[in-house]
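For reference, the structure discussed in these notes is given below.
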Amino acid sequence: MKSKRLLAGPYLFWSVSFVVIPLLVIVYYAFTNDEGGFTFSNLAQITTAENLKALGLSILLSLVSTVVCLLLAYPLAMILSQNNVSQTSFIVLIFILPMWMNFLLRTMAWQTLLEKNGVINSILEFLHLPALEIINTPAAIILGMVYNFLPFMVLPIYNVLVKIDPNVLNAARDLGANSVQTFLKVTLPLSIPGVISGITMVFVPALTTFVISDLLGGGKILLIGNVIEQSFKQNSNWHVGSGLSLVLMVFIIASMAMVAKYDKEDGGAAF
Amino acid sequence: MSSKLIDFVHVSKAYGMQTVLDDLNLYIRENEFLTLLGPSGCGKTTTLRILGGFETPDTGKVIFDGKDITNLPPNKRQLNTVFQKYALFTHMTIAENIAFGLKIKNKSRQYIHDKIKYALKLVNLDGYENRMPDSLSGGQQQRIAIARAIVNEPKVLLLDEPLGALDLKLRQDMQYELIRLKNELGITFIYVTHDQEEALTMSDTIVVMNQGYIQQIGTPEKIYNEPENAFVADFIGESNIISATMVKDRLVKILGVPFPCVDEGFGQNTPVDVVIRPEDIDLLKPGEGSIDGVVTHLIFKGVHYEMEVMANNYEWLVHSTDMFPVGTEVSIHVDPYDIQIMKKPESEDEEAVNIEE
Numbered sequence: 004m005k006s007k008r009l010l011a012g013p014y015l016f017w018s019v020s021f022v023v024i025p026l027l028v029i030v031y032y033a034f035t036n037d038e039g040g041f042t043f044s045n046l047a048q049i050t051t052a053e054n055l056k057a058l059g060l061s062i063l064l065s066l067v068s069t070v071v072c073l074l075l076a077y078p079l080a081m082i083l084s085q086n087n088v089s090q091t092s093f094i095v096l097i098f099i100l101p102m103w104m105n106f107l108l109r110t111m112a113w114q115t116l117l118e119k120n121g122v123i124n125s126i127l128e129f130l131h132l133p134a135l136e137i138i139n140t141p142a143a144i145i146l147g148m149v150y151n152f153l154p155f156m157v158l159p160i161y162n163v164l165v166k167i168d169p170n171v172l173n174a175a176r177d178l179g180a181n182s183v184q185t186f187l188k189v190t191l192p193l194s195i196p197g198v199i200s201g202i203t204m205v206f207v208p209a210l211t212t213f214v215i216s217d218l219l220g221g222g223k224i225l226l227i228g229n230v231i232e233q234s235f236k237q238n239s240n241w242h243v244g245s246g247l248s249l250v251l252m253v254f255i256i257a258s259m260a261m262v263a264k265y266d267k268e269d270g271g272a273a274f
Numbered sequence: 008m009s010s011k012l013i014d015f016v017h018v019s020k021a022y023g024m025q026t027v028l029d030d031l032n033l034y035i036r037e038n039e040f041l042t043l044l045g046p047s048g049c050g051k052t053t054t055l056r057i058l059g060g061f062e063t064p065d066t067g068k069v070i071f072d073g074k075d076i077t078n079l080p081p082n083k084r085q086l087n088t089v090f091q092k093y094a095l096f097t098h099m100t101i102a103e104n105i106a107f108g109l110k111i112k113n114k115s116r117q118y119i120h121d122k123i124k125y126a127l128k129l130v131n132l133d134g135y136e137n138r139m140p141d142s143l144s145g146g147q148q149q150r151i152a153i154a155r156a157i158v159n160e161p162k163v164l165l166l167d168e169p170l171g172a173l174d175l176k177l178r179q180d181m182q183y184e185l186i187r188l189k190n191e192l193g194i195t196f197i198y199v200t201h202d203q204e205e206a207l208t209m210s211d212t213i214v215v216m217n218q219g220y221i222q223q224i225g226t227p228e229k230i231y232n233e234p235e236n237a238f239v240a241d242f243i244g245e246s247n248i249i250s251a252t253m254v255k256d257r258l259v260k261i262l263g264v265p266f267p268c269v270d271e272g273f274g275q276n277t278p279v280d281v282v283i284r285p286e287d288i289d290l291l292k293p294g295e296g297s298i299d300g301v302v303t304h305l306i307f308k309g310v311h312y313e314m315e316v317m318a319n320n321y322e323w324l325v326h327s328t329d330m331f332p333v334g335t336e337v338s339i340h341v342d343p344y345d346i347q348i349m350k351k352p353e354s355e356d357e358e359a360v361n362i363e364e
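As given, the protein sequences belong to chains A and B, one line each in that order.
Per this note's numbering, numbering of the first sequence is gapless, rising by one per residue and ending at 274.
Per this note's numbering, numbering of the second sequence is gapless, rising by one per residue and ending at 364.
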């Protein structure tokens with residue numbers, strides 16, 4: 004037993020030095036001011052009109068992105084889970100391939116595509132169609148979020164769907180359910196753990212991202228991630244940045260706890 | 008037995024290049040306990056799935072109660088299936104599982120409630136309404152699967168190797184339970200299994216299948232005592248299958264020795280296969296029987312001893328309650344009515360279904 008516990012040593016060292024200590028540092032900064040005195044003012048920064056707006060917009064955009072991801076991913080996961088093996092691995096490859104490319108590069112590619120004189124508009128102009136003006140708007144940010152986070156929705160849903168015994172679906176049909184009833188009463192409820200994993204894995208990174216909003220929002224649209232980034236980098240105010248981070252973290256933990264309440268299964272099947 | 012309820016007419020099915028069913032013709036009567044019996048890959052499960060509506064035959068049609076149901080989806084058929092490995096809805100309670108079909112049909116709450124009570128009583132699981140399927144043992148889950156099917160009052164219950172996942176003792180108990188259920192419900196049971204003992208115990212009619220062909224249809228007694236070919240003889244129980252010559256009516260020459268038998272109509276000097284069940288062989292003192300030989304193996308099996316007797320260059324399998332130690336000189340005697348004569352396979356198709364030794 005003792006020697007086995009020793010094996011946890013490196014992980015313990017890692018998590019203490021790179022997770023626990025930094026977290027405590029953030030907590031320290033969040034509750035102190037420049038002079039080192041105790042204060043709640045950093046946390047209260049979230050209530051300024053500008054920051055509330057950023058938080059609200061972040062929540063809205065990440066919710067919309069999550070819903071769009073879910074609507075796109077569920078049918079795709081169903082098709083993947085029903086096809087035979089050789090076809091499936093090919094489709095999965097096609098689908099996963101962009102994920103192996105650098106995240107920044109992918110987002111910058113969208114920037115190039117969507118620009119006023121970018122690739123898409125050049126093609127539209129060539130076809131004498133009206134130009135697409137979504138760069139630097141929330142729509143472009145949602146597009147970027149959906150594009151980057153879609154696989155994280157597909158995989159957990161796909162994982163639960165392939166594990167459903169086909170005979171369970173046959174049994175529903177056998178008992179008189181048509182294909183729509185079978186989906187609503189059997190497939191969908193059985194896939195809920197995967198859906199919840201997927202929502203978690205899309206909503207959290209979407210809520211905290213600042214790169215996507217930076218690149219596709221043109222710096223004009225501030226999400227909460229951007230506000231935090233700016234307070235660290237541009238304003239060099241670690242105290243406010245830490246305070247906002249802490250508020251966001253509590254918010255995420257609370258929303259995940261709410262989601263988990265609906266997830267009676269043990270944590271879903273993702274990864 | 009009454010009229011034909013189900014009729015398979017020239018049904019064929021292939022997956023890619025592999026033919027699973029080849030021109031199957033089979034009718035099933037009302038109130039029958041019919042078993043499709045055969046080794047894996049013989050087409051028995053495919054036959055059941057075609058009847059359940061989960062597969063469509065490539066050619067031919069399925070008639071149910073006078074109507075062609077070949078292309079009817081499963082939810083429109085008046086039959087229910089009990090699946091291998093239960094296939095219960097794990098996200099629902101036992102009561103919700105059983106109520107599934109009834110809710111789809113918009114039955115009243117009171118009706119559903121009564122039906123759940125009745126079904127649970129029928130399968131001896133009263134009081135399990137609010138349990139979840141995962142908290143039940145395999146045998147209990149299987150009985151819930153049966154209850155879930157029969158509350159819909161199907162005309163036919165299809166059972167796809169329902170006892171396959173259970174242990175021996177439970178399997179035997181469930182066999183009696185199924186016979187009781189069938190008698191109480193008074194409906195047709197179509198049962199798929201590869202277990203010959205299950206088939207012999209429960210069935211009114213056994214259909215022995217191999218490689219997509221029906222080998223023999225008959226009562227358990229008929230299938231066991233009068234197998235039509237070497238495959239059936241070998242698959243159902245143990246047997247001595249020996250090449251022989253039918254000298255004339257009522258006389259067959261086995262391993263060069265003439266044996267009187269009761270079969271007629273095979274012609275004169277026709278090559279045939281004979282099957283002799285090991286328990287039908289009597290061992291006598293040397294010289295008293297038809298062929299003399301020596302005991303080469305002896306195993307105690309509980310109810311009987313299993314022996315091998317080398318006689319005329321053939322190892323005879325013998326079951327007897329009397330023990331003859333290895334090396335004993337004995338003589339083999341078989342009563343005429345215990346010798347079953349089968350015609351040799353003629354076509355290549357029939358050859359293909361022969362037993363691979």
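Glycine included, every Cβ here is placed at the ideal spot set by N, Cα and C.
The structure presented is a predicted model; accordingly, all values stated were derived computationally and were not measured.
Spatial neighbours of residue i in its chain, beta-carbon cut-off 6 Å, leaving aside the 5 residues before and after
i, result
"B:Leu-166", "Val-89 and Tyr-198"
"B:Asp-30", "His-17 and Ser-19"
"B:Val-333", "Val-302 and Leu-305"
"B:Glu-363", "Any reading at B:Glu-363 must be qualified, since the residue scores a pLDDT of 38, below 50, and its modelled position is unreliable; the value itself is stated next. So the list is empty, once near-sequence residues are dropped."
"A:Lys-223", "Asn-139"
"B:Leu-207", "Pro-227"
Limits of the unbroken beta strand (DSSP E) element including residue i
i, result
"B:Gly-300", "298 to 307"
"B:Arg-36", "25 to 36"
"B:Thr-212", "212 to 217"
"B:Phe-266", "264 to 267"
"B:Thr-443", "The structure shown does not extend to residue 443 of chain B, since chain B is modelled only from 8 to 364, so the question has no answer here."
"B:Asp-289", "288 to 291"
Assumed close pair residue i, residue j - CB separation to whole angstroms, cut-off 8 Å
i, j, result
"A:Leu-64", "A:Ile-138", "With 8 Å as the limit, A:Leu-64 and A:Ile-138 do not qualify as a contact, their Cβ atoms being about 15 Å apart."
"B:Ile-153", "B:Leu-188", "7 Å"
"B:Asn-159", "B:Gly-219", "Actually they do not touch by this definition, with Cβ atoms about 31 Å apart."
"A:Gly-121", "A:Leu-219", "Not quite, the Cβ-Cβ distance comes to about 12 Å (not below 8 Å), so this is no contact."
Extent of the continuous alpha helix (DSSP H) run through residue i
i, result
"B:Asp-133", "Where B:Asp-133 is concerned, there is no enclosing alpha helix (DSSP H), given that its DSSP letter is neither H nor E."
"A:Lys-236", "227 to 236"
"A:Ile-29", "24 to 33"
"B:Ile-105", "101 to 111"
"B:Glu-336", "Element bounds for B:Glu-336: not the alpha helix (DSSP H) but the beta strand (DSSP E), 336 to 341."
"A:Asn-54", "52 to 85"
"B:Ser-19", "No alpha helix (DSSP H) contains B:Ser-19, which is instead part of the beta strand (DSSP E) from 11 to 22."
"B:Ile-221", "Unbroken run through B:Ile-221 is the beta strand (DSSP E), 220 to 225; no alpha helix (DSSP H)."
"A:Leu-158", "141 to 165"
"A:Val-205", "191 to 211"
Cβ-based neighbour list, residue i, same chain, cut-off 8 Å, excluding 5 preceding and 5 following
i, result
"A:Ala-175", "Gln-184, Thr-185, Lys-188 and Val-189"
"A:Asn-54", "Gln-48, Ile-227, Val-230 and Leu-247"
"A:Ser-182", "Arg-176"
"B:Gly-134", "Leu-127"
Which residues DSSP lists as bridging residue i, in chain order
i, result
"B:Glu-322", "B:Met-317"
"B:Asp-75", "B:Ile-70"
"A:Ser-3", "What is shown of chain A runs 4 to 274, which leaves residue 3 of chain A out entirely."
"B:Ile-197", "B:Leu-41 and B:Leu-165"
"A:Val-183", "Answer is none; A:Val-183 lacks a bridge partner."
"B:Ser-250", "B:Asp-280"
"B:Ile-153", "Answer is none; B:Ile-153 lacks a bridge partner."
"B:Ser-327", "B:Tyr-312"
Residue i, buried or exposed, once every other Cβ within 10 Å from all chains shown has been counted against 16
i, result
"A:Ala-257", "exposed"
"A:Leu-9", "exposed"
"B:Met-349", "buried"
"A:Val-28", "exposed"
"B:Asp-280", "buried"
"A:Ser-239", "exposed"
"B:Ile-101", "buried"
"B:Lys-255", "exposed"
"B:Val-130", "buried"
"B:Arg-257", "exposed"
"A:His-242", "buried"
"A:Ile-215", "buried"
"B:Arg-84", "buried"
Cut-off 7 Å between Cβ atoms - residues of its own chain near residue i, not counting five sequence neighbours on either side
i, result
"A:Ile-160", "Ala-76, Tyr-77, Ala-80, Ser-194, Gly-197, Val-198 and Gly-201"
"A:Leu-46", "Ala-33, Gly-246, Leu-249 and Val-250"
"B:Glu-355", "Caution is warranted here: a pLDDT of 48 is assigned to B:Glu-355, below 50, making its placement in the model unreliable, and the coordinate value is therefore given only provisionally. So the list is empty, once near-sequence residues are dropped."
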